[in-house]
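To start, the structure under review is shown below, and the notes come after it.
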Amino acid sequence: DGGITQSPKYLFRKEGQNVTLSCEQNLNHDAMYWYRQDPGQGLRLIYYSQIVNDFQKGDIAEGYSVSREKKESFPLTVTSAQKNPTAFYLCASSMQREIGELFFGEGSRLTVL
Amino acid sequence: AQSVTQLDSQVPVFEEAPVELRCNYSSSVSVYLFWYVQYPNQGLQLLLKYLSGSTLVKGINGFEAEFNKSQTSFHLRKPSVHISDTAEYFCAVRRSFNKFYFGSGTKLNVKP
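These protein sequences, in sequence, are chains D and W.
Taking this note's numbering, the leading residue of the first sequence gets 43, the next gets one more, and so forth.
Taking this note's numbering, the leading residue of the second sequence gets 6, the next gets one more, and so forth.
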């Protein structure tokens, strides 16, 4: 079955540690996205990528980094510079050439202790 | 600028009653609209979408929404809700190929 796989589902880290969240898709989508979700704030865009080896900052990119070395993969690193990293992180993808919806992974919940 | 507004943060309703979740968007020449549902600790699942054509859109689980251009609204409705509909619902607009904007969400609480 086609879809988006995020891992890990739950992650605990100490302050000051970098963390990498994995996102893999087999939908053959060109565009991939990372969103952060906090209670009562909806979804906020961190980074997105339209093509391999290219990505753009979203609304809240500070303290995060990404890479897009393969079409299927778009990992997100939460760095120690992110002041409030505890959140639910959602990866998504979409078709580039057609107007359509976002497809989401199951999310990763990061808790920084 | 706020592209999508969901005025109701929480909507309580009794089982088998009808429900309407409101969504208003900022006016634009081209607009593509979506409703998603999210269950606790899960990703978002598409309920329905409006891309063009008929303004009444039917989705999964008995939900439907009506695109109203003059009122810039895309309200979600269900004639009779079930306990299993308890979840958070997000309205979203796509402005261009890669720009999606989400509302702040409405928590639907269906009571027995």
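A virtual CB, placed ideally from N, CA and C, is assigned to each residue, including glycine.
Between residue i and chain W, is any beta-carbon pair separated by less than 8 Å?
{"i": "G44/D", "result": "no"}
{"i": "Q67/D", "result": "no"}
{"i": "Y106/D", "result": "no"}
{"i": "E114/D", "result": "no"}
{"i": "Y90/D", "result": "yes"}
Between residue i and residue j, is the Cβ-Cβ spacing less than 8 Å?
{"i": "V18/W", "j": "V86/W", "result": "yes"}
{"i": "N132/D", "j": "L26/W", "result": "Checking the displayed sequence, the identity of residue 132/D turns out to be Leu instead of Asn. Going by C-beta atoms, L132/D is not nearer than 8 Å to L26/W."}
{"i": "T153/D", "j": "N60/D", "result": "no"}
{"i": "G84/D", "j": "G110/W", "result": "yes"}
Give the straight-line distance between the Cα atoms of residue i and residue j, rounded to the nearest whole angstrom.
{"i": "D96/D", "j": "R110/D", "result": "7 Å"}
{"i": "Y75/D", "j": "P23/W", "result": "35 Å"}
{"i": "T77/W", "j": "K113/D", "result": "36 Å"}
{"i": "Q47/W", "j": "V94/D", "result": "27 Å"}
{"i": "S33/W", "j": "N103/W", "result": "16 Å"}
Can you find a CB in chain D that lies within less than 8 Å of the CB of residue i?
{"i": "Q47/W", "result": "yes"}
{"i": "S14/W", "result": "yes"}
{"i": "S75/W", "result": "no"}
{"i": "F72/W", "result": "no"}
Could you name the residues of chain D that residue i contacts, counting a contact when the two beta carbons are closer than 9 Å?
{"i": "K54/W", "result": "G142 and E143"}
{"i": "R99/W", "result": "S136, I141, G142, E143 and L144"}
Let me check one thing: in DSSP terms, what residues is residue i bridge-paired to?
{"i": "R55/D", "result": "V154/D"}
What does residue i reach in chain D if we use C-beta pairs closer than 8 Å?
{"i": "Y44/W", "result": "What Y44/W touches in chain D: nothing, since even the nearest Cβ is about 10 Å away."}
Quick one: list the residues of chain W neighbouring residue i, beta-carbon separation under 9 Å, in chain order.
{"i": "R78/D", "result": "Neighbours of R78/D on chain W: none; closest Cβ ~11 Å, over 9 Å."}
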